[in-house]
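S.K.: Before I ask anything, here is the structure I am working with.
There are 2 protein chains.
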Amino acid sequence: MSEAPWDRSRCSVAGTLAVIGEKWSLLVLREAFLGVRRFADFQRVLGAPRAVLTDRLATLVDQGVLRRVPYQAPGERQRHEYRLTQKGIDLHPVLVALMAWGDRYLAEDGDVPLELRHRGCEEPVHLALVCDAGHELSGARDVRPVPRGARA
Amino acid sequence: MSEAPWDRSRCSVAGTLAVIGEKWSLLVLREAFLGVRRFADFQRVLGAPRAVLTDRLATLVDQGVLRRVPYQAPGERQRHEYRLTQKGIDLHPVLVALMAWGDRYLAEDGDVPLELRHRGCEEPVHLALVCDAGHELSGARDVRPVPRGARA
DNA sequence: GGAGCAGAGTTCGCTCAACGAACCCAGGGA
DNA sequence: TCCCTGGGTTCGTTGAGCGAACTCTGCTCC
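Chains A and B, in that order, give the protein sequences.
For the first sequence, UniProt numbering begins at 1 and goes up steadily by one.
For the second sequence, UniProt numbering begins at 1 and goes up steadily by one.
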């Protein structure tokens with residue numbers, strides 16, 4: 001088994017999962033991308049236990065994925081809402097990839113619950129693997145993983 | 001907050017997470033994409049508890065993401081190995097997206113542990129959002145989510 | 001001024017999953 | 001014969017997720 005001798009302990013997949021891999025975190029982010037910002041709205045649409053939601057939001061703020069912004073609706077006391085940072089927005093491909101797979105393998109009779117369209121041109125959007133030479137790869141088999149730091 | 005009235009219960013993100021969202025599942029898949037196939041190798045490189053690993057592999061086989069293939073090395077008894085199915089290979093973008101984010105935000109001083117290159121042309125590979133009209137989108141803000149079948 | 005209310009949590013038991021260590025079992029080799 | 005290795009299973013402990021109930025605060029309405 002020609003197992004590559006790379007250092008798993010600093011793997012980026014594991015690191016990212018340490019930030020957003022807990023239960024509910026990605027669902028919180030899904031809602032954030034759909035415009036949800038307030039605690040009560042997250043709680044209502046997700047149905048997650050309040051304590052867990054409190055913890056997940058705090059962790060995500062801690063990690064710089066969300067930020068807690070104070071605001072004041074007219075005639076209400078000051079509250080705060082949770083908004084995506086750039087670091088959070090950059091997680092968009094993760095959600096798109098999860099959604100695409102679910103759409104393909106879990107949606108019954110093509111009943112896709114949510115579609116993504118190019119704002120403006122309105123064509124459906126999908127993820128693609130492209131290389132810096134401009135080729136669009138046909139799949140995972142076209143990819144060669146290269147460990148860095150260890151031998152070639 | 002103009003929250004879209006779509007049915008969260010059949011969300012593809014949640015559905016996909018139900019399949020691969022448990023602890024270790026995505027790390028198992030990461031190793032599978034790197035060529036790991038045998039129980040002991042997964043166990044050694046991941047350091048996961050055996051019982052959990054047994055459960056995760058069984059779940060992934062159950063879900064059709066991996067398949068259990070009998071094989072026999074010369075001079076050894078018959079064993080079986082775990083190999084990606086097409087359904088599993090199609091999870092590749094999820095791992096690439098997680099890795100890309102980790103590389104950007106978690107790698108210290110640009111110390112990216114693993115690089116992906118286009119097999120053949122050897123240029124670095126990255127994920128892109130493209131629409132069916134051929135435009136490459138610049139980010140999440142160019143995407144408009146459209147709920148489908150809000151009221152079946 | 002007081003009552004009531006909503007948003008945003010916190011606290012409390014309960015349950016269930018994850019953990020590491022130890023144990024098991026089958027086949028092959030010394 | 002015993003030992004080794006691969007691939008598990010079992011066990012007791014710890015920790016995370018859960019729903020329900022409670023808290024705190026600054027509104028608005030009477």
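Glycine included, C-beta positions come from ideal geometry on N, C-alpha and C.
Treat the numbers as computed from the prediction; the structure is a model and nothing was measured.
Going by DSSP, what residue range makes up the alpha helix (DSSP H) through L17 of chain B?
M.R.: Its alpha helix (DSSP H) spans residues 12–20.
S.K.: Determine, using beta carbons only, whether R30 of chain B comes closer than 7 Å to chain A.
M.R.: Closer than 7 Å to some Cβ of chain A, the Cβ of R30 of chain B qualifies, so yes.
S.K.: Which residues mark the beginning and the end of the beta strand (DSSP E) in which E115 of chain B is found?
M.R.: Per DSSP, E115 of chain B belongs to the beta strand (DSSP E) from 114–118.
S.K.: Just tell me which of A:D132, A:H126, A:R44 has its CA closest to the CA of D142 of chain B.
M.R.: Out of A:D132, A:H126, A:R44, A:H126 has the C-alpha closest to the C-alpha of D142 of chain B.
S.K.: Note down the Cα distance separating M1 of chain A from L116 of chain B, rounded to an integer number of angstroms.
M.R.: Reliability of the predicted coordinates at M1 of chain A is poor, the pLDDT of 42 falling under 50, and no value is obtained from them.
S.K.: By DSSP's criteria, C121 of chain B is part of a beta bridge. Which residues make up the other side?
M.R.: Paired residues: none, contrary to the question.
S.K.: Check distances from the C-beta atoms of the region 79–100 of chain B to those of chain A and list, in chain order, the residues that come in under 9 Å.
M.R.: Flagged, chain order: L84, K87, I89, D90, L91, H92, P93, V94, L95, V96, A97, L98, M99, A100.
S.K.: Pull the bridge partners of V143 of chain B from the DSSP assignment, please.
M.R.: Answer by DSSP bridge pairing, in chain order: A:H118.
S.K.: Is the region 101–120 of chain B close to the region 47–62 of chain B, with three or more CB pairs under 8 Å?
M.R.: Flag = no, the region 101–120 of chain B and the region 47–62 of chain B do not touch.
S.K.: Rounded to the nearest angstrom, what separates E81 of chain B and W24 of chain B at their Cα positions?
M.R.: Roughly 18 Å between the two C-alpha positions.
S.K.: What is the DSSP secondary structure of R50 of chain B, counted as helix, strand or coil?
M.R.: Three-state DSSP puts R50 of chain B in a helix.
S.K.: In chain order, what residues of the same chain have a beta carbon less than 7 Å from the beta carbon of R37 of chain A, not counting five sequence neighbours either side?
M.R.: The answer, listed in chain order, is E81, Y82, R83.
S.K.: Three or more C-beta pairs closer than 8 Å, one from the region 58–77 of chain A and one from the region 55–75 of chain B: is that the case here?
M.R.: Output reads no: the region 55–75 of chain B does not touch the region 58–77 of chain A.
S.K.: Distance check for V19 of chain B and E3 of chain B, CA to CA, integer angstroms please.
M.R.: Because E3 of chain B carries a pLDDT of 44, less than 50, the predicted location of this residue cannot be relied on, and the following value inherits that uncertainty. Their backbone Cα atoms lie some 27 Å apart in a straight line.
S.K.: Taking the straight line between their C-alpha atoms, what separation do you get for S12 of chain B and E76 of chain B?
M.R.: Near 43 Å, if we compare the C-alpha coordinates of E76 of chain B and S12 of chain B.
S.K.: Quick one: is A140 of chain B near chain A, going by C-beta distance under 7 Å?
M.R.: By this cut-off, A140 of chain B is an interface position.
S.K.: Beta carbon of L98 of chain B, beta carbon of V94 of chain A: below 7 Å?
M.R.: Contact: yes.
S.K.: Quick one: give me the first and last residue of the alpha helix (DSSP H) that E136 of chain A is part of.
M.R.: Counting along the chain, E136 of chain A falls outside any alpha helix (DSSP H), and DSSP gives it neither H nor E.
S.K.: Let's test the definition: count the other Cβ atoms within 10 Å of the Cβ of A32 of chain B and tell me whether it reaches 16, buried, or not, exposed.
M.R.: Per the 10 Å Cβ criterion, buried.
S.K.: Quick check on DSSP: helix, strand or coil for R77 of chain A?
M.R.: Three-state DSSP puts R77 of chain A in coil, outside helix and strand.
S.K.: Assuming L46 of chain B and P145 of chain A make a contact with CB atoms under 8 Å, what is their CB distance in whole Å?
M.R.: At roughly 17 Å, the Cβ-Cβ gap does not stay under 8 Å, so L46 of chain B and P145 of chain A are not in contact.
S.K.: Can you give me the Cβ contacts of R30 of chain A inside the same chain, cut-off strictly under 6 Å, excluding the 5 residues immediately before and after it?
M.R.: So the qualifying residues of the chain are L95.
S.K.: Comparing the C-beta of A133 of chain A with each C-beta of chain B, is any distance below 7 Å?
M.R.: So yes, A133 of chain A belongs to the interface.
S.K.: Count the other CB atoms within 10 Å of the CB of A140 of chain A; is the residue buried (16 or more) or exposed (fewer)?
M.R.: Buried.
S.K.: Which residues share a DSSP beta bridge with V130 of chain A?
M.R.: Its beta-bridge partners are A:E136, B:H126.
S.K.: Please name the residue in B:T85, B:L34, B:R50 whose C-alpha comes closest to that of D7 of chain A.
M.R.: The residue with the shortest Cα to Cα distance from D7 of chain A is B:L34.
S.K.: In terms of alpha-carbon separation, which member of B:S9, B:A40, B:A58 lies closest to E22 of chain B?
M.R.: Among B:S9, B:A40, B:A58, the Cα nearest to that of E22 of chain B is on B:A58.
S.K.: Alpha carbon to alpha carbon, how far is R119 of chain B from A133 of chain B? Give it in angstroms, no decimals.
M.R.: Going from the Cα of A133 of chain B to the Cα of R119 of chain B covers about 27 Å.
S.K.: Which residues, in chain order, does the region 25–52 of chain A contribute to contact with chain B at a C-beta distance below 7 Å?
M.R.: Per Cβ criterion, the list reads L26, L27, R30, F33, L34, G35, V36, R37, R38, D41, V45.
S.K.: Anything in chain B within Cβ reach of R148 of chain A, meaning under 9 Å, just list it in chain order.
M.R.: Those are D111, V112, P113, L114, E115, listed as they occur along chain B.
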